[in-house]
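Peer 1:
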Amino acid sequence: MKTAIIGLGNIGKQVALNLVAGGQQVIVADHGPTNAQDFARASGGKARALATADAVAEADIIVLAISFDAIKEFLSEYRRKLPAKIIVDPSNPIAPDGKGGFKKTISQDQSSGQLIAALLPPGARLVKAFGTLVAGSLKSGARRTPEPNVLFYASDDRDAGNAVAELIKASGFAPVRIGGIDQSIRIEVFGDLHEFGKLGKLVTAKEAAALV
Ligand SMILES: NC(=O)c1ccc[n+]([C@@H]2O[C@H](COP(=O)([O-])OP(=O)(O)OC[C@H]3O[C@@H](n4cnc5c(N)ncnc54)[C@H](OP(=O)(O)O)[C@@H]3O)[C@@H](O)[C@H]2O)c1
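Numbering (this note's numbering), first residue to last: 171 to 382.
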């Protein structure tokens with residue numbers, strides 16, 4: 171399966187770096203060509219830079235490492251190209267609260283995972299993943315021995331979930347499925363399994379077993 175990372179900001183760049191470090195070939199795309207081309211040049215032949223439209227056409231798994239609002243725009247723009255694709259959503263629907271912290275931009279009881287799932291065309295399969303840690307922890311927490319740290323994920327589709335679990339492994343973490351997309355809120359910011367939520371830290375698979 172071919173994997174594309176759309177958006178090379180804080181999260182997308184680190185996800186792509188972790189995958190490349192795990193020996194994966196990836197496609198990278200950002201708004202302007204420069205960032206993606208720089209990344210590809212530095213990747214030792216593991217990453218290929220494409221325009222977003224070409225990345226969408228070529229990839230089987232599309233990691234949308236862009237803001238919640240940008241994901242909504244993306245899904246509208248590329249809707250007809252997405253059936254049969256696996257869409258990976260790491261988004262946390264938050265904005266600065268004006269007091270030095272963050273607040274949710276959707277209702278407290280909503281998850282961006284469920285809202286995004288409702289916007290997908292038939293045939294596209296959603297996996298909520300790669301959004302439970304801040305970029306710095308995604309970097310420092312990868313490839314820990316002897317017990318790897320966990321990245322939680324949620325999906326309604328077993329095959330899509332398994333494909334993303336393999337990516338999580340390649341990126342240096344242990345994948346732990348928490349359930350379907352209706353459980354997304356648990357692995358979004360402020361959720362009980364999020365680094366910026368009740369969990370507040372990285373955990374191993376053994377520790378995660380007691381939580382899931
Ligand atoms: N930052 C974190 O530590 C963290 C942790 C967990 C989850 N997340 C989630 O991960 C997602 C990305 O966050 P981030 O902090 O990495 O954002 P970011 O630093 O702003 O990076 C997003 C990048 O994607 C580009 N982009 C936006 N729409 C695009 C499109 N349609 N095609 C190609 N490139 C596009 C942006 O370009 P422009 O700036 O030109 O629009 C920007 O370079 C968000 O949903 C966030 O909630 C972030």
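For every residue, glycine included, the Cβ atom is placed at its ideal position computed from N, Cα and C. Note that the structure is predicted; figures quoted are calculated from it, not measured.
1) How is the alpha helix (DSSP H) around ILE351 delimited, first residue to last?
2) With DSSP as the reference, identify every bridge partner of PHE322, one or two as the case may be.
3) THR204 by DSSP, collapsed to three states: which one?
4) Let's see if you can read the secondary structure: which residues bound the beta strand (DSSP E) around ASP259?
5) Any heavy atom of ligand 1 closer than 7 Å to the Cβ of ALA265?
6) How would you write the range of the beta strand (DSSP E) that LEU296 sits in, first residue to last?
7) Should VAL304 be counted as a contact of ligand 1 given a C-beta to heavy atom distance under 7 Å?
8) Under the criterion of a Cβ to heavy atom distance below 7 Å, does ASN262 qualify as lining ligand 1?
9) DSSP state of ILE236, grouped into three classes?
10) According to DSSP, which residues form a beta bridge with PHE272?
11) DSSP puts ARG218 in a beta bridge; with which residues?
12) Take the Cβ of GLU358 as the centre, count every other Cβ of all protein chains shown within 10 Å, and call the residue buried at 16 or more, exposed below.
Peer 2: In this structure, then:
1) Here residue 351 is taken as the residue at index 181 of the sequence shown, counted from 1. It is not in any alpha helix (DSSP H) - ILE351 carries neither H nor E in the DSSP assignment.
2) By one-based count along the sequence shown, residue 322 stands at place 152. According to DSSP, PHE322 bridges with VAL346.
3) Position 34 of the sequence shown holds residue 204. It is helical.
4) The count along the sequence shown starts at 1 and reaches residue 259 at position 89. For ASP259, the enclosing beta strand (DSSP E) starts and ends at 256-259.
5) In the sequence shown, the residue the question calls residue 265 occupies position 95. No, Cβ of ALA265 sits at least 7 Å from all heavy atoms of ligand 1.
6) One-based indexing of the sequence shown puts residue 296 at position 126. Looking at the DSSP string, the run of the beta strand (DSSP E) that includes LEU296 is 295-298.
7) Position 134 of the sequence shown, counting from 1, holds the residue named residue 304. It does: the Cβ of VAL304 is within 7 Å (strictly closer) of some heavy atom of ligand 1.
8) Here residue 262 is taken as the residue at index 92 of the sequence shown, counted from 1. Checking every heavy atom of ligand 1 against the Cβ of ASN262, one is found closer than 7 Å.
9) Start at 1 with the first residue of the sequence shown, and residue 236 comes out as number 66. Coil.
10) Residue numbering aside, residue 272 sits at position 102 when the sequence shown is read from its first letter. Paired residues: PRO266.
11) Here residue 218 is taken as the residue at index 48 of the sequence shown, counted from 1. Beta-bridge pairing links ARG218 to ILE197.
12) Sequence index remark: in the sequence shown, residue 358 carries index 188 (1-based). Buried, because 16 or more other Cβ atoms sit within 10 Å of the Cβ of GLU358.
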